[in-house]
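Numbering (the UniProt record's numbering), first residue to last: 1 to 124.
Cβ atoms here follow ideal geometry from the backbone N, Cα and C, with glycine treated the same way.
Predicted model only: the values in this text are computed from it and were never measured.
A short write-up of the structure that comes next.
Here is the structure:
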């Protein structure tokens with residue numbers, strides 16, 4: 001089984017990668033202190049996948065962009081990684097807005113991701 005094409009609410013067994021991301025405080029062009037993560041997400045159980053710029057096989061939360069030299073790229077996140085958990089919260093049944101709120105609420109993110117080029121778990 002893989003994490004892709006997963007039905008929300010169904011049990012999932014797949015290889016996953018734990019990532020620890022430390023957000024960065026920077027001063028933006030307006031002189032304001034902002035917290036930088038360095039990635040964007042797409043998807044969610046409330047989104048219409050036919051309107052998405054990328055054709056993902058399910059309603060999961062996916063990383064749609066990773067900025068170079070950002071906390072996300074330094075942590076090893078890649079475009080099209082599927083987010084399974086953030087700080088222990090299940091992201092397989094998450095709306096887009098809730099996912100954004102969970103990502104914004106902590107300065108350190110413990111993320112569990114699935115990556116398409118990892119082999120599926122075999123049942124030997």
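Would you call the segment 96-111 in contact with the segment 30-50, where contact means no fewer than 3 C-beta pairs closer than 8 Å? Enough Cβ pairs lie closer than 8 Å, so yes.
Using a Cβ-Cβ cut-off of 8 Å (strictly less than) and excluding sequence neighbours within five positions of residue 114, which residues of its own chain qualify? Once the five neighbours on either side are set aside, the close Cβ partners of residue 114 are 2, 3, 4, 14, 15, 16, 17, 81, 82, 84.
When we look at the beta-carbon of residue 39 and count the other beta-carbons within 10 Å, is it buried (16 or more) or exposed? Burial call: buried.
Please go through the same chain and pick out, in chain order, the residues whose beta-carbon is closer than 7 Å to the beta-carbon of residue 75, but skip the five residues on each side of it. The residues 19, 20, 21, in chain order, have a CB closer than 7 Å to that of residue 75 in the same chain once the five nearest residues on each side in sequence are set aside.
Excluding sequence positions up to five away, which residues of its chain have a Cβ less than 7 Å from the Cβ of residue 59? Result list for residue 59: 8, 43, 44, 45, 47, 49, in chain order.
Are the CB atoms of residue 107 and residue 23 nearer to each other than 8 Å? The Cβ atoms of residue 107 and residue 23 lie closer than 8 Å to each other.
How is residue 110 classed by DSSP in three states: helix, strand or coil? Assignment of residue 110 by DSSP, reduced to helix, strand and coil, places it in the strand class.
For the segment 30-113, list the beta strand (DSSP E) runs that are entirely contained and at least 3 residues long, ordered along the chain. Here the runs fully enclosed are 33-36, 39-43, 61-66, 82-86.
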